[in-house]
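Under the numbering used here, the first residue of the sequence shown carries the number 1201, and numbering increases by one thereafter.
The structure under discussion appears below in the form of structure tokens.
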Amino acid sequence: MSVDSGTAGMAARLGIKTGMVVQELGWDEDADEDLRDSIVEASGSEMVDEDTDEVADVVVLWWREDDGDLFDALTDALTSLADDGVVWLLVPKSGRPGHVAPGDVTEVAPTAGLSQTSSISAAKDWSGIRLVTPKAARSRR
């Protein structure tokens, strides 16, 4: 499958590069397929799921307001994450079904051992929140 130049930039905004292992959690039918295709094309391989034994460079976590406990989901995302890895928390944009209030992420992320570094428009209906472990944030300075 070929990703056009408009969608190719989607994965680039997430910092996805060839050879990276990308783990996907929380997929559902509302996930943005263009973004998913862009990630697969940019990394050069299919995304792995929660049952992987591989160490992930990036975890893509699709999350909606009614998906349960965000703390649990974030700590689960850390299970396979490399020490210098990144978690991209993808949440529906404001006004979309399942929207997650930014304050919820700001409150829960530090408790899960993560620091929020930036937010982007990841796809048409999805915002991306970049989360790293404090150790990873220090090593990138």
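C-beta atoms are modelled at their ideal positions from N, C-alpha and C, and glycine is treated no differently.
Counted as a single uninterrupted DSSP element, the alpha helix (DSSP H) harbouring V1308 occupies residues 1302 to 1311.
Straight across, the Cα-Cα distance linking V1308 with T1218 is about 31 Å. Under a 10 Å Cβ-count criterion, W1262 is classified as buried, with 16 or more other Cβ atoms of the shown protein chains found around its own Cβ. Counting C-beta atoms within 10 angstroms of its own C-beta, T1306 has fewer than 16 neighbours from the protein chains shown and is therefore classed as exposed.
Out of F1271, V1287, S1280, L1225, the CA that lies nearest to the CA of V1255 is found in S1280. Partner residues in the beta bridge of R1330, as assigned by DSSP, are W1288, S1318. Shortest Cα-Cα distance from K1335 to any of D1266, S1294, D1283 involves D1283. Beta-bridge annotation (DSSP): V1258 is paired with V1222, V1286.
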